[in-house]
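Engineer: Starting off with a structure, shown below.
Numbering (this note's numbering), first residue to last: 1 to 46.
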């Protein structure tokens, strides 16, 4: 069902280019609702 949202989560060790590539693949597959799961930066351990 392409109407359902897709949620993408990646940690900081995943290369930015790979995340962008996965996002493009999701869009190319016909999904329009893409959400990013984020976490606030840890100020002690950036």
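Beta carbons: idealized from backbone N, C-alpha and C, even for Gly.
1. From the DSSP secondary-structure annotation, give me the bridge partner or partners of residue 7.
2. Please confirm whether residue 8 and residue 37 have their CB atoms less than 8 Å apart.
3. Residue range of the alpha helix (DSSP H) that residue 25 falls in?
Structural biologist: On the basis of the data shown:
1. In DSSP, residue 7 forms a bridge with 35.
2. Contact: yes.
3. Per DSSP, residue 25 belongs to the alpha helix (DSSP H) from 16-28.
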